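Asker:
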């Protein structure tokens with residue numbers, strides 16, 4: 011958002027902080043159903059131009075403001091729960107439940123960096139190394155692995171693992 015306000019003159023970015031803050035505080039949130047200003051102050055912020063301002067003939071009493079905020083907070087709880095479920099459904103769309111067991115063979119994601127001096131390009135390196143044997147489960151998401159040469163790979167997160175494919179069975183193809 012700052013980059014949009016700044017444009018080509020990056021030396022004056024701090025001159026736009028108040029406008030950015032106003033834009034952020036008056037932006038309606040789909041997740042909550044309200045603006046941050048309303049949820050924090052119990053009212054919408056006044057608009058910068060006098061002709062855009064809505065004058066209230068009767069200012070709200072503290073009790074009315076409190077009641078409106080309580081109703082808004084209840085609605086926000088419901089809206090956030092819905093938004094969480096909606097995001098969870100999209101996030102977990104292709105998620106597979108897989109937990110390695112001790113003795114399983116797995117492949118570990120290879121985290122390497124390019125090195126120009128050695129003429130090594132990380133994009134061309136193998137994405138996974140293995141097969142490695144799961145030797146110890148530290149937590150539901152962290153395991154210790156050991157390769158065939160006896161070298162340990164300590165505290166590897168399961169998101170960096172994939173199961174070793176089962177060997178193909180030789181069968182009749184009549």
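Residue numbers (our numbering): 11 to 184. Glycine included, each C-beta is placed from N, C-alpha and C at the ideal position. On a predicted model such as this, the values are computed, not experimentally measured, just so you know.
#1: Tell me whether residue 48 is buried or exposed, calling it buried when 16 or more other Cβ atoms sit within 10 Å of its Cβ.
#2: Does DSSP classify residue 163 as helix, strand or coil?
#3: When you compare the CB positions of residue 190 and residue 144, do they come within less than 8 Å of one another, or not?
#4: What's the gap between the Cα of residue 158 and the Cα of residue 112?
#5: Roughly how many angstroms lie between the CA atoms of residue 139 and residue 168, to the nearest whole one?
#6: In terms of DSSP beta bridges, what is residue 143 paired with?
#7: When you compare only the Cα positions, how much space is there between residue 124 and residue 165?
#8: Is DSSP giving residue 171 helix, strand or coil here?
#9: Could you spell out the range, first to last residue, of the alpha helix (DSSP H) harbouring residue 110?
#10: Using a 10 Å radius around the Cβ and a threshold of 16 neighbouring Cβ atoms, would you call residue 103 buried or exposed?
#11: Tell me, please, which residues DSSP counts as bridged to residue 125.
#12: Assuming residue 45 contacts residue 36 under a Cβ cut-off of 8 Å, what Cβ separation, rounded to an integer in Å, is found between them?
#13: Which residues does DSSP list as the beta-bridge partners of residue 149?
#14: When the distance is taken between beta carbons, is residue 171 closer than 8 Å to residue 122?
#15: In the DSSP assignment, what are the bridge partners of residue 94?
#16: So, are the CB atoms of residue 142 and residue 119 less than 8 Å apart?
Answerer: So, to answer that:
#1: Here residue 48 corresponds to residue number 38 of the chain shown, with the count starting at 1. The residue in question, residue 48, is buried, as its Cβ has 16 or more Cβ neighbours within 10 Å.
#2: Residue 163 sits at position 153 when you count from the first residue of the chain shown. Note: residue 163 maps to strand in three-state DSSP.
#3: What is shown of the chain runs 11 to 184, which leaves residue 190 out entirely.
#4: Position 148 of the chain shown, counted from the first residue, corresponds to residue 158. Position 102 of the chain shown, counted from the first residue, corresponds to residue 112. Cα to Cα, the separation comes out at about 15 Å.
#5: Taking the first residue of the chain shown as position 1, residue 139 is located at position 129. Taking the first residue of the chain shown as position 1, residue 168 is located at position 158. If you take the alpha carbons of residue 139 and residue 168, they lie about 14 Å apart.
#6: For the purposes of this step, residue 143 is taken as residue 133 along the chain shown, with counting starting at 1. 115 and 156, per the DSSP bridge assignment.
#7: Stepping through the chain shown from its first residue, residue 124 is reached at position 114. Stepping through the chain shown from its first residue, residue 165 is reached at position 155. Their backbone Cα atoms lie some 24 Å apart in a straight line.
#8: For the purposes of this step, residue 171 is identified with residue 161 of the chain shown, where counting begins at 1. Assigned with DSSP and collapsed to three states, residue 171 falls in strand.
#9: What you label residue 110 is simply residue 100 of the chain shown in a count that begins at 1. Counting along the chain, residue 110 falls outside any alpha helix (DSSP H), and DSSP gives it neither H nor E.
#10: Within the chain shown, the letter at position 93 stands for residue 103. Burial call: exposed.
#11: Here residue 125 refers to the residue found at position 115 of the chain shown. According to the DSSP secondary-structure assignment, residue 125 is paired through a beta bridge with 130.
#12: In the chain shown, the residue the question calls residue 45 occupies position 35. In the chain shown, the residue the question calls residue 36 occupies position 26. Yes, residue 45 and residue 36 are in contact; Cβ-Cβ is about 5 Å, under 8 Å.
#13: As a position in the chain shown, residue 149 is number 139, starting the count at 1. Residue 149 is bridged to 152.
#14: Against the chain shown, residue 122 aligns to sequence position 112. Against the chain shown, residue 171 aligns to sequence position 161. Taking 8 Å as the cut-off, the Cβ atoms of residue 122 and residue 171 do not count as close.
#15: Translated into the one-based positions of the chain shown, residue 94 becomes position 84. Residue 94 is not bridged to any residue.
#16: Taking the first residue of the chain shown as position 1, residue 142 is located at position 132. Taking the first residue of the chain shown as position 1, residue 119 is located at position 109. Contact flag unset, no.
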